[in-house]
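In the numbering used here, the protein residues as written are 738 to 908. We treat Cβ as the ideally placed atom computed from N, Cα and C, and that holds for glycine. The model shown is predicted, which means the values in this text are computed figures rather than measured ones. Taking it in order: structure first as structure tokens, then the write-up.
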């Protein structure tokens with residue numbers, strides 16, 4: 738392992754994740770959007786890094802990831818329409834990484850996949866999440882998986898908005 742590269746920590750190994758198999762060793766006091774799980778990789782190796790899951794950072798960081806999803810969503814629609822299953826599968830895998838980042842960060846935790854995709858302690862999450870993610874993972878190159886992931890993002894975004902309203906009331 739190069740001193741500037743980090744291998745994937747065990748907390749991020751699950752199925753097709755992460756797409757990136759090595760991470761830059763970064764010291765930053767601001768959010769870096771790509772690759773997914775970059776901040777977690779540095780965190781799990783005890784490197785100084787920005788924590789997008791801290792409550793004061795969550796709103797800005799999650800909104801940036803949601804913007805990325807909306808851009809990727811347009812590409813995925815094209816891949817699905819053209820029956821380009823290879824690019825659809827790759828794009829859905831990246832989109833799932835975005836989803837997991839949002840899911841964990843909204844719950845003020847770094848992504849940790851040791852016990853599966855969905856940690857039991859997560860309080861804010863879409864209904865029937867585990868089954869829906871399992872469906873997507875089994876069919877990563879299918880249109881219905883894309884639609885299911887789109888619905889998960891919509892539900893999570895609504896729950897995030899509710900959480901923000903509750904937080905603002907408590908300030």
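Assigned secondary structure, residue i (DSSP; H/G/I helix, E/B strand, else coil)
i: residue 882; result: helix
i: residue 782; result: coil
Beta bridge counterpart(s) of residue i as assigned by DSSP
i: residue 760; result: 743
Where residue i falls, given that 16 or more other Cβ within 10 Å makes a residue buried
i: residue 776; result: buried
i: residue 910; result: The question about residue 910 has no answer, for the chain in this structure spans 738 to 908.
i: residue 841; result: buried
i: residue 750; result: exposed
i: residue 883; result: buried
i: residue 838; result: buried
i: residue 781; result: buried
i: residue 811; result: exposed
i: residue 904; result: exposed
i: residue 835; result: buried
Rounded distance between the beta-carbons of residue j and residue i, thought under 8 Å
i: residue 753; j: residue 768; result: So it is not a contact: roughly 24 Å between Cβ atoms.
i: residue 851; j: residue 748; result: 5 Å
At which residue ranges does the segment 820-858 contain complete alpha helix (DSSP H) runs of 4 or more residues, listed in the order of the chain? 822-843
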